[in-house]
Structure formats: structure tokens, C-alpha cells
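K.L.:
Here the sequence shown is numbered in my numbering, starting from 259 and rising by one per residue.
Glycine residues also receive a C-beta, built at the ideal position from the N, C-alpha and C atoms.
Encoded as C-alpha cells, here's the structure I'll be asking about.
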Amino acid sequence: MTATLETPLALPCGATLPNRLCKAALTEGLADAWNRATPRHERLYRAWSEGGAGLVITGNVQVDRRFLERPGNVVIDGNGGLDALRRYAEAGTVGGNHLWMQLNHPGRQTPAHVCAEPLAPSAVALLNHSAAQFAPPRAMREDEIEDTIRRWVHAAAVARDTGFTGIQMHAAHGYLLSQFLSPVANRRTDGWGGALAPRARLLREVVRACRTAVGPGFPIGVKLNSSDFQQGGFGADECLQVVRWLGEDGVDLLELSGGSYESPTMMGAKLRGPDAERPVADSTRRREAYFLEYAAAMRTAATMPVMVTGGFRTRAAMDEALAAGELDMIGLGRPMCVDTDLPKKLMSGDWTQAVAYERDIDPPKAGLAWFCLQLMRIGDGLEPDRGLGGAEAIARYAENEARTAQGLVGR
Ligand SMILES: Cc1cc2nc3c(=O)[nH]c(=O)nc-3n(C[C@H](O)[C@H](O)[C@H](O)COP(=O)(O)O)c2cc1C
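This is the structure we're talking about:
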């Protein structure tokens with residue numbers, strides 16, 4: 259039977275997602291000074307839950323309070339706030355959707371205003387970024403790696419106990435798990451670096467330890483780069499093998515993306531590196547979705563359902579990709595920052611496509627700030643500001659991040 263957007267999706271663990279549209283992880287920056295959830299999360303996630311996506315994935319939640327992706331992240335690290343998480347999970351599931359918490363450790367992509375000495379597999383600084391943006395990292399000791407796995411397990415158990423219906427490990431976009439996978443960032447010569455198996459060990463140990471903690475019926479997803487799109491980085495061939503391993507480890511949903519801060523292909527930047535040679539676009543779906551060619555290949559190795567996130571905007575492309583069996587689930591990011599009920603609109607036929615706001619943001623580099631500010635507005639109970647200018651977005655976002663970083667306590 260050909261799947262459509264409305265077809266439920268059964269996962270290996272036994273859970274079922276009500277449809278094929280997912281609101282992908284979008285960092286919110288709405289936590290309080292102790293990095294706990296707030297009523298702003300409740301407002302934002304209620305809107306997404308009522309918006310019709312079968313799966314809503316939270317913005318990345320950190321497993322270690324010392325290392326944040328940005329100052330306003332939610333953290334689960336003995337910092338309290340469990341009732342706030344319960345209210346957040348309740349609001350985020352009112353629509354009958356699944357709500358999965360994305361768990362992350364940013365590693366060397368921890369901003370300098372949050373941490374002066376980030377941890378990473380090896381002491382390799384980010385390319386094309388200054389020390390004022392990201393301080394040079396220190397290589398993790400083995401006991402710190404083991405400690406990170408324990409923290410991950412703790413956060414996974416808290417997510418389950420507070421009402422989230424699944425978890426997703428962030429192993430894409432150059433954060434810690436992705437750094438371990440990358441031969442560029444991971445130069446270790448111990449049991450955590452070198453060949454692919456030791457580079458993939460941290461991700462696999464995190465998945466397996468969390469599975470033991472949350473039990474067999476609780477969904478575990480992984481967001482993975484189909485390629486880093488970087489010379490010498492984690493590439494599509496290696497990804498194929500990691501996908502096989504993740505199937506053995508009992509992963510329920512594989513989300514494919516690509517790139518990192520060094521090569522931001524997840525947002526549509528030109529693909530680079532040895533994996534960038536793709537067949538010429540021959541259909542709507544291939545023209546708009548960034549990683550579809552890779553997904554089709556990965557799917558041959560995947561025993562779990564596959565989701566692709568990045569670029570999908572038209573219902574035609576989504577239908578075609580589902581019908582062609584290239585994927586099982588469609589991830590939507592930026593359009594969901596403004597039109598929280600986009601899934602309902604697409605499924606009802608009211609809209610045949612999402613608005614590609616990113617095309618009109620000037621300058622384009624203001625995109626991330628622009629979308630983040632929309633999430634904050636919705637969290638504050640305001641309407642999105644579709645007319646927000648790019649330069650103003652950059653200035654307001656920078657001011658917000660600096661203020662939030664200054665106010666952080668308890669670290
Ligand atoms: C404002 C914003 C915040 C994001 N935060 C996260 C995040 O916390 N975790 C993650 O895995 N991806 C994050 N992403 C990437 C998106 O999940 C998605 O992969 C990307 O936007 C491409 O999908 P799209 O073309 O539908 O926007 C973020 C993207 C944006 C624009």
C-alpha cells in the first residue's frame with residue numbers, strides 16, 4: 259500500500275505515529291535562568307501539538323549543564339524543574355501526537371559566552387570560526403566519556419518519567435556525537451577513535467544504555483548526517499554502515515540530515531566535499547529536498563523507518579517521496595517556526611505548499627536569528643512577525659543571547 263501523509267506509521271518498538279509529518283527539532287531558547295522549562299514552552303508546544311504533526315520533536319535539550327548549544331536551552335542535569343517538564347509534555351501532546359525530546363551535548367560547538375573550555379573528542383577547533391565564537395576545545399578523558407553516557411541515560415529516564423513519549427539522540431550537525439563520528443574532529447587513538455567502529459562507539463553506547471533505561475516499548479530516534487559534506491569528514495559510505503548498526507541497536511526512527519557549523523548544508527547551503535556529486539535533479543522532490551538521494555541509499559540499509567528533513571516545502575514533493583518509497587516520514591523545520599498548523603493545512607488540502615520564508619530573509623545569514631525570534635514570540639503568546647527585517651533580527655537575537663548567558667545561574 260502506498261503511504262500518504264495521513265498514513266499512520268508503526269515503529270519497531272510497538273508505538274504508532276498518527277501520520278507522516280514531523281515538526282523537526284528547533285532550538286527554542288525559552289528556558290529560565292536554571293535552564294528549566296517554562297510556560298513559554300507550554301504555549302509553543304501546545305500550538306505545535308494542535309497543528310497536526312504526528313510527531314513533534316523538541317529543540318535540543320542538553321544532558322550536561324556546563325555545555326549548552328545556547329544559553330536558553332532546557333537542561334536535564336539534576337537542576338529540578340520536573341513539574342515544569344510535566345506541564346510542557348502535557349501541553350505538547352494535547353493533539354494526540356507523539357512528543358519526543360531531542361537529547362544533545364554540543365561538544366566543541368558550545369558558544370564561548372557559555373563555556374571557556376568546551377569538551378570534544380580531540381583538541382581540534384572549529385574551522386572558519388573565531389575563538390570568540392567557540393573557544394578551542396579540550397580532548398575528553400575516558401572517564402568524561404563514560405560520565406556523558408550516564409548523563410544521557412539520566413536525561414532519557416527523566417524524559418520518559420515526565421510524559422515525553424520518546425527521545426531522539428542528536429548525532430547530526432557537528433555536535434558531540436557527530437564529532438565522535440567525524441575523522442576530522444575525532445583524532446583519538448584509544449577505543450573511541452580511529453576506524454569507524456570506535457568512532458561510532460559513543461553513539462551506539464548512548465543508544466544501548468538509554469534503551470536499557472527506558473525499556474523496549476519506548477521510541478528512540480537518532481538524527482544522523484547522511485554526510486558531513488566536508489573534506490575528510492564522516493561520509494555517505496560510513497553513514498550506510500552506521501545505519502546498519504543502529505538497526506541492530508534497536509533504533510525506531512532514523513532522521514537524515516547533513517552538515518555542521520563548518521558546512522551548513524542542513525539549511526540548504528551548497529553541498530561540498532566528496533559526497534557532493536549528486537545526480538541531476540529530475541523531479542520536484544529531488545529539486546527541493548536536500549538529502550533525498552542519500553536517503554534512498556540509506557533506506558536500503560535501514561531496518562527502521564527513515565525520515566528526511568531539509569528543504570521539503572510542497573505537498574507534491576512530499577507525496578512523491580512517500581510514493582517512491584524513498585522515506586517513511588517527512589521532517590519540517592523552518593516553516594513550522596511561523597505556521598505551527600502547517601501539517602493540518604497540508605493534510606486538509608487548504609495549502610499545497612509551505613511558505614519558504616528563508617528565501618526572503620535579507621541578508622540570508624539572518625535566517626537562524628529570524629526563525630528563533632519567531633519561536634520566542636509564539637512562546638510569549640504573540641503572533642509571528644512575518645515582516646521582521648534581517649538586520650533587526652540579528653541585532654535582537656544577539657542581544658537576547660548575551661542577556662540570557664549573563665543571567666544563567668547554577669552552573
Ligand atoms: C531556528 C532553528 C533551530 C534549529 N534547532 C535544531 C535543533 O535544536 N536540533 C536539530 O537537530 N536541528 C535543529 N535545526 C535544524 C532543523 O531541525 C532542520 O534540520 C533544518 O531546519 C532543515 O529543515 P527545513 O528545511 O525544513 O527548515 C534548527 C533549525 C532552525 C531554523
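1) Alpha carbon to alpha carbon, how far is residue 364 from residue 383?
2) So what's residue 267 in DSSP terms, helix, strand or just coil?
3) Is the CB of residue 558 under 7 Å away from at least one CB in chain B?
4) When DSSP labels each residue in this structure, what does residue 562 get in the three-state scheme?
5) Report all residues from its chain with a CB closer than 7 Å to the CB of residue 611; omit the five preceding and five following residues, and keep chain order.
6) Can you have a look at residue 314 and say buried or exposed, based on whether 16 or more other CB atoms are within 10 angstroms of its CB?
7) Could you tell me whether the region 279–290 touches the region 324–343, using the rule of 3 or more Cβ pairs below 8 Å?
8) Would a C-beta distance cut-off of 7 Å place residue 275 and residue 263 closer than the cut-off?
9) Any heavy atom of ligand 1 inside 6 Å of the beta-carbon of residue 630?
10) With residue 259 as the anchor, note down where its beta strand (DSSP E) starts and where it stops.
11) Let me know if residue 567 comes out buried or exposed under the rule of 16 or more other beta-carbons within 10 Å of its beta-carbon.
12) Using C-beta distances below 7 Å, list every residue in its chain close to residue 543, excluding the 5 sequence neighbours before and after it, in chain order.
13) DSSP has residue 528 in a bridge; who is on the other side?
14) Would the C-beta of residue 579 count as close to ligand 1, meaning under 6 Å from any of its heavy atoms?
15) Specify, as a first and last residue, the run of the beta strand (DSSP E) that residue 483 falls within.
16) Going by beta-carbon coordinates alone, are residue 350 and residue 361 separated by less than 7 Å?
17) Evaluate contact between the region 520–537 and the region 470–479, counting only Cβ atoms and requiring at least three cross-stretch pairs below 8 Å.
18) Where do the ends of the beta strand (DSSP E) carrying residue 673 lie?
19) Any idea if residue 558 is buried or exposed, counting beta-carbon neighbours within 10 angstroms, 16 or more meaning buried?
20) Which of the three DSSP states, helix, strand or coil, is assigned to residue 520?
21) Quick check: residue 434 and residue 457, are their CB atoms within less than 7 Å of each other?
22) Pull up the distance between the alpha-carbon of residue 507 and that of residue 495, whole angstroms please.
23) Tell me where the alpha helix (DSSP H) around residue 634 begins and ends.
24) Please report the distance separating the alpha-carbon of residue 417 from that of residue 273.
25) Around the C-beta of residue 587, are 16 or more other C-beta atoms found within 10 angstroms, so that it is buried, or is it exposed?
26) Could you compute how far the alpha carbon of residue 555 sits from the alpha carbon of residue 414?
27) For ligand 1, I want to know if residue 285 counts as a neighbour, meaning its beta carbon is within less than 6 Å of at least one of the ligand's heavy atoms.
28) By alpha-carbon positions, which one of 632, 375, 394 and 531 ends up nearest to residue 592?
29) Quick check: residue 589 and residue 282, are their CB atoms within less than 7 Å of each other?
30) The alpha helix (DSSP H) spanning residue 337 covers which residue range?
31) To the nearest angstrom, how far is it from the Cα of residue 386 to the Cα of residue 459?
32) With burial defined as no fewer than 16 other Cβ atoms inside 10 Å of the residue's Cβ, what is the status of residue 488: buried or exposed?
33) Based on Cα-Cα distance, which residue from 423, 321, 348 and 596 lies nearest to residue 477?
34) Which whole runs of the alpha helix (DSSP H) in the region 404–456 are 4 residues long or more, in chain order?
35) Run through DSSP, which three-state label would residue 377 get?
36) For the candidate residues 430, 408 and 379, whose alpha-carbon lies nearest to that of residue 398?
P.N.:
According to the structure data:
1) 13 Å
2) strand
3) Absence of chain B from the displayed structure is noted, only one protein chain being present.
4) coil
5) 571, 572 and 573
6) buried
7) yes
8) no
9) yes
10) From DSSP, residue 259 is part of no beta strand (DSSP E); its letter is neither H nor E.
11) buried
12) 550, 575, 578 and 579
13) Residue 528 is not bridged to any residue.
14) no
15) 478–483
16) no
17) no
18) Residue numbering for the chain in the displayed model covers 259 to 669; residue 673 lies beyond these limits and cannot be assessed.
19) exposed
20) coil
21) no
22) 19 Å
23) 625–637
24) 16 Å
25) buried
26) 30 Å
27) yes
28) 632
29) yes
30) It is not in any alpha helix (DSSP H) - residue 337 carries neither H nor E in the DSSP assignment.
31) 28 Å
32) buried
33) 423
34) 434–439
35) strand
36) 379
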